[in-house]
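Heads up: the structure comes next, in structure tokens.
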Amino acid sequence: MSTVIRSVARPEQIRKHNLGLLLRHLHQVGSISRSELTTATGLNRSTIAALVGELAERGMVAEHPDPAKSGAGRPSYVVTALPQAAHVIAVDLDVRTVTVAAVGFGGQVRARRTWNHPVKHPAPEDVADAIAQAADELGCEAAGSRCVGLCVGVPGMVRTHDGWVLNAPNLRWHGVPFGQLMRDRLGREVHLVNDADLAAYAEHLRGAGRGYDDLVCVLGRNGVGSGVLVGGRPLHGATGYAGEMGHVVMDPKGRRCHCGNRGCLEQYAGAPALLRASRRGGLVAGDVEELFARFDGGDQVAARVLGEVADWVGVATGNVVTFLEPSAVVYVGHLGEVIRRCAPAVARRVARGATADASAPVALLPGVLEEPILVGAAELAFEDLFAGDLSIL
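When we follow this note's numbering, the leftmost residue of the sequence shown carries the number 99, and every step to the right adds one.
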């Protein structure tokens, strides 16, 4: 949580900062009393009262009796951020589908759209057009609510400060100014972030990674990606492209990857790789969900395929644990399902591959959020408001 500004800053800056601090806390925890807000934020009671009053006047929060403390005596009141007061547009851009959602305070999804790309490798301009149209439609459905941010999760290497997509190999996008395409269509700032980075952010705030500030999140979809948090903050690297675990080379003479290298991890652990391996064993599965169902039913081919994937993921994780020494590794997408079924095998491989001191304390966890990328996009889209930029209200 952000710290309270106590000196040097001007009173107006302090007020805006503290308003954002209060909104962030209400967004994350839900209903809470003024006294609890005082404890949680470090602000005094009179400041909390003034901030709550201002936010209530703006229509952002409301106070109501606490249903958990009904009965005789003076009623106890709690403060709640109103989900309908403001919303963000969160976008999960995948290789085959796009999901766009209007999300209010507390993570409440107010409206959403999901569609399949009309062609296998869609042009960036066409995708930007479709997202902009959906965002406009959802904004109309959230009538009376102010849009305070927009964030798009992209399955590729994204330069976050300007939304430049260096390489999204599974979309066949290379050197695409997708952030600018979105800004041109929507007429407002748009955050573009790698999808695995958003998943890491979401699981850290609301999922399996809560309480772990040094965290690696490994995302399994059509490809494999990873997001890294160090001290609770994302690790982007010098130019914003850090954390591409899916393109760590596992076998220099291995299968050719869409990125141009050979033997990348996603060629052994991405969803298409699982289905290829099952077909080689004589098991034709329509998708990874069917493969997991076969495993659960005792199918030996499915068991062998998942065992091999667990081994590859364990080797890669062991290298990451040795290099970064995270306190937890969270697996989402189909790799979360692999961990649920094969956690002991992954843990053994990690223990063999990582240094002893690094591997001992690490927690290997399946993610718990149903849509971590969408959740992460919504959380990041709210950040400008929570940082105290009240001009967007």
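Just so it is clear, CB atoms sit at the ideal spot from N, CA and C, and this is done for glycine as well.
Residue i to residue j span [Cα, whole Å]
{"i": "Trp271", "j": "Val256", "result": "11 angstroms"}
{"i": "Val322", "j": "Arg308", "result": "22 angstroms"}
{"i": "Tyr310", "j": "Leu296", "result": "16 angstroms"}
{"i": "His289", "j": "Pro267", "result": "20 angstroms"}
{"i": "Gly451", "j": "Tyr366", "result": "18 angstroms"}
{"i": "Ala154", "j": "Leu248", "result": "24 angstroms"}
{"i": "Glu235", "j": "Ala241", "result": "10 angstroms"}
{"i": "Glu477", "j": "Gly379", "result": "42 angstroms"}
{"i": "Gly361", "j": "Arg353", "result": "5 angstroms"}
{"i": "Leu381", "j": "Leu313", "result": "35 angstroms"}
{"i": "Leu404", "j": "Glu161", "result": "51 angstroms"}
{"i": "Gln126", "j": "Arg377", "result": "44 angstroms"}
{"i": "Val217", "j": "Arg108", "result": "53 angstroms"}
{"i": "Gly358", "j": "Pro350", "result": "12 angstroms"}
Sheet register partners of residue i (DSSP bridge)
{"i": "Ile187", "result": "Ala200, Leu248"}
{"i": "Thr137", "result": "Bridge partners of Thr137: none, in fact."}
{"i": "Val428", "result": "Cys315, Leu463"}
{"i": "Leu290", "result": "Val250"}
{"i": "Ile130", "result": "Val177"}
{"i": "Arg360", "result": "Arg354"}
{"i": "Thr195", "result": "Asn214"}
Extent of the continuous beta strand (DSSP E) run through residue i
{"i": "Glu161", "result": "159 to 163"}
{"i": "Ser324", "result": "322 to 328"}
{"i": "Thr212", "result": "207 to 214"}
{"i": "Val177", "result": "175 to 179"}
{"i": "Val316", "result": "313 to 318"}
{"i": "Leu463", "result": "461 to 464"}
Segment limits, alpha helix (DSSP H) that includes residue i
{"i": "Val109", "result": "Strictly speaking, residue 109 in this sequence is Pro, with Val absent from that position. Element bounds for Pro109: 109 to 127."}
{"i": "Tyr299", "result": "293 to 304"}
{"i": "Arg447", "result": "432 to 451"}
{"i": "Val386", "result": "386 to 394"}
{"i": "Gly48", "result": "Lying before the first or after the last residue shown, residue 48 is absent from the chain, which here runs from 99 to 491."}
{"i": "Tyr366", "result": "364 to 367"}
Collapsed DSSP secondary structure at residue i in the structure displayed
{"i": "Gly273", "result": "strand"}
{"i": "Met509", "result": "Because the chain spans 99 through 491 in this model, residue 509 falls outside it and cannot be assessed."}
{"i": "Gly242", "result": "coil"}
{"i": "Leu373", "result": "helix"}
{"i": "Val399", "result": "helix"}
{"i": "Asn265", "result": "strand"}
{"i": "Phe480", "result": "coil"}
{"i": "Ala340", "result": "coil"}
{"i": "Val256", "result": "strand"}
{"i": "His220", "result": "A quick correction: the sequence has Pro, not His, at residue 220. If DSSP states are grouped into helix, strand and coil, Pro220 belongs with coil."}
{"i": "His345", "result": "helix"}
{"i": "Arg331", "result": "strand"}
{"i": "Arg354", "result": "strand"}
{"i": "Arg308", "result": "coil"}
{"i": "Val382", "result": "coil"}
{"i": "Ala485", "result": "coil"}
{"i": "Gln231", "result": "helix"}
Buried/exposed call for residue i, threshold 16 Cβ in 10 Å
{"i": "Glu387", "result": "exposed"}
{"i": "Cys238", "result": "exposed"}
{"i": "Gln111", "result": "exposed"}
{"i": "Val263", "result": "buried"}
{"i": "Ala232", "result": "buried"}
{"i": "Trp76", "result": "Any question about residue 76 goes unanswered here, given that the chain covers just 99 to 491."}
{"i": "Ala485", "result": "exposed"}
{"i": "Arg281", "result": "buried"}
{"i": "Val444", "result": "buried"}
{"i": "Gly395", "result": "exposed"}
{"i": "His219", "result": "exposed"}
{"i": "Glu84", "result": "Nothing in the structure corresponds to residue 84, since the chain is present only between 99 and 491."}
{"i": "Glu301", "result": "buried"}
{"i": "Ile49", "result": "Within the shown structure, residues of the chain are numbered from 99 to 491, placing residue 49 beyond reach of any answer."}
Cβ-heavy atom distance, residue i to the ligand ATP, below 6 angstroms
{"i": "Leu317", "result": "With respect to the ligand ATP, the structure offers nothing, as it holds no ligand at all."}
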